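In this text, residue positions in the sequence shown follow full-length UniProt numbering: the first is 1, and each later residue adds one. Where a beta carbon is used, it is the ideal one built from N, C-alpha and C, also for glycine. Computed from a predicted model, the values in this text were never measured in an experiment.
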Amino acid sequence: MAGQDKKNRNQNGISDDNEIEPVEQTDHEAVVEEYHSLDSKLDELNSALDYLEQKNDDIHERLKELLQSNIEIRQELRNENVTSENN
Numbered sequence: 001m002a003g004q005d006k007k008n009r010n011q012n013g014i015s016d017d018n019e020i021e022p023v024e025q026t027d028h029e030a031v032v033e034e035y036h037s038l039d040s041k042l043d044e045l046n047s048a049l050d051y052l053e054q055k056n057d058d059i060h061e062r063l064k065e066l067l068q069s070n071i072e073i074r075q076e077l078r079n080e081n082v083t084s085e086n087n
C-alpha cells in the first residue's frame, strides 16, 4: 500500500534489515596488523633518516675543518710571498 514502509520492522520499531554490516573481527585484526606494519616501517625510515642526518652532520663538520685548513694554508702562502718579495 502507498505510504507503508517496505522494511520489515520488529515490535520495537527497529528494522530487521541490516543496512550496515558490522566489521568482522578478522577485518579488524587485519587493520591492526597493517597499522603495526606501517608503524614498524616508519620506525625503520626514521632510523635511516637519523643515520643519514648524522652522516651529513659529520661530512659538514669535516668540510668546515678542511675549509679552515685551506684558509690557513693560503694565508701562510701569502705571508711567504710577501716575505720573499721584500727580500
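Look at the alpha carbon of L38 and the alpha carbon of D50, and state the distance between them as a whole number of angstroms. Reading the sequence shown from its first residue, position 38 is the one you call residue 38. Reading the sequence shown from its first residue, position 50 is the one you call residue 50. Rounded to the nearest angstrom, the two C-alpha atoms are 18 Å apart.
Can you tell me the Cα-Cα spacing of I71 and E85, whole angstroms? Position 71 of the sequence shown, counting from 1, holds the residue named residue 71. Position 85 of the sequence shown, counting from 1, holds the residue named residue 85. So the alpha carbons of these two residues sit roughly 21 Å apart.
N70 by DSSP, collapsed to three states: which one? Here residue 70 corresponds to residue number 70 of the sequence shown, with the count starting at 1. The answer is helix: DSSP assigns N70 an H, G or I state.
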